[in-house]
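Remarks on the structure that follows.
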Amino acid sequence: QSVLTQPPSVSGAPGQRVTISCTGSSSNIGAGNDVHWYQHLPGTAPKLLIYGDTNRPSGVPDRFSASKSDTSASLAITGLQAEDEADYFCQSYDTTLTALVFGGGTKLTVL
Amino acid sequence: VQLVESGGGLVNPGGSLRLSCAVSGFTFSNYVMTWVRQAPGKGMEWVSSISGSSTYISYADSLKGRCTISRDNAKNSLYLQMNSLRAEDAAVYYCARLIGGGFSQYYFDFWGQGTLVTVSS
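Heads up: the protein sequence lines correspond to chains A and B, in order. For the first sequence, counting from 1, position 24 maps to 24 in our numbering; every step adds exactly one. Count along the second sequence from 1, add 1000, and you get the number used in our numbering.
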């Protein structure tokens, strides 16, 4: 059971907008610890998408954005493309566990 | 930046394995490095981190006492020695570079492709 909770799957048609939630608690996201998002194609290296709650590394399209509120965070992908089909997971730090923690991952299917 | 893991494979329960991560493209000694694993069908799990000079080391409770993280800055390499392996340790093990201004900000900016560890008799 992952410390951060994500929906197992989401889907959308090309061009549409989808969001992926990441729900934590008062000891991680709710404690003000940063949330980060990654894209992962099985068999490849995970790729950093968003760091520090809302920041995109250079090279990440602005179709990817994120937000955070209270004990949850959310990743939004607009203008869905076939190449976006992948697993997405969130990560933060848990102050009580004194550990880096992850969401269980969400598989995005582009219909 | 490249991170390439190796050393995974099939091991009997109770056995040992040493994973390696060869790094290139950045000044290795300047960065905290981390092992993260993903069991089949599960989410990512932080395993262990080591500071650039090996001064600070931390382990997840699930592996504490059964694994040792180390690094050789002269060889640009990160290691994870795992002992007394259990079926639940079976996973893809990734090495990743950790970056950030402190615990509350830490994130992974580069990852390797992972090495598969299978624990079975």
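Just so you know, even glycine gets a beta-carbon here, dropped at the ideal spot from N, CA and C.
Starting from residue i, find everything on chain B with Cβ-Cβ shorter than 7 Å and list it in chain order.
i: Tyr51 (chain A); result: Tyr1107
i: Gly105 (chain A); result: Gly1043
Against residue i, what residues of chain A qualify as contacts under a CB-to-CB distance less than 9 Å, listed in chain order?
i: Phe1103 (chain B); result: Asn33, Tyr93, Thr95, Thr98 and Leu100
If the cut is a Cβ gap below 7 Å, which residues of chain A does residue i touch?
i: Met1044 (chain B); result: Phe89 and Phe102
When you compare the CB of residue i with every CB in chain B, is at least one pair closer than 9 Å?
i: Pro46 (chain A); result: yes
i: Gln6 (chain A); result: yes
i: Pro61 (chain A); result: no
i: Gly43 (chain A); result: yes
I want to see whether chain A comes within less than 9 Å of residue i, judged by CB atoms only; does it?
i: Ala1091 (chain B); result: no
i: Ala1022 (chain B); result: no
i: Leu1077 (chain B); result: The sequence shown places Ser at residue 1077 (chain B), not Leu. Chain A contact via Cβ: absent.
i: Tyr1056 (chain B); result: no
i: Phe1110 (chain B); result: yes
i: Gln1113 (chain B); result: yes
i: Leu1003 (chain B); result: yes
i: Lys1087 (chain B); result: First, the residue type needs correcting, since residue 1087 (chain B) is Ala and not Lys in the sequence shown. No, no contact with chain A.
i: Gly1009 (chain B); result: no
i: Ser1006 (chain B); result: no
Along chain B, in chain order, which residues have C-beta atoms closer than 9 Å to that of residue i?
i: Ser2 (chain A); result: Lys1042, Gly1043, Met1044 and Glu1045
i: Gly12 (chain A); result: The contacting residues do not exist; Gly12 (chain A) stays about 22 Å from chain B at best.
Closer than 8 Å by beta-carbon distance: list the chain A residues that pair up with residue i, in chain order.
i: Ala1060 (chain B); result: Ala99
Among all the DSSP beta bridges, which residues are the ones paired with residue i?
i: Glu1005 (chain B); result: B:Cys1021
i: Thr109 (chain A); result: A:Ser11
i: Ala1091 (chain B); result: B:Val1117
i: Asp1072 (chain B); result: B:Ser1077
i: Ser1058 (chain B); result: B:Ser1049
Assuming residue i contacts residue j under a Cβ cut-off of 8 Å, what Cβ separation, rounded to an integer in Å, is found between them?
i: Phe102 (chain A); j: Gly1043 (chain B); result: 5 Å
Unbroken stretches of the beta strand (DSSP E), 3 residues or longer, contained in the region 22-101 of chain A: Contiguous beta strand (DSSP E) elements confined to the region 22-101 of chain A occur at 36-40, 47-50, 64-69, 72-77 and 86-94, taking only those with 3 or more residues.
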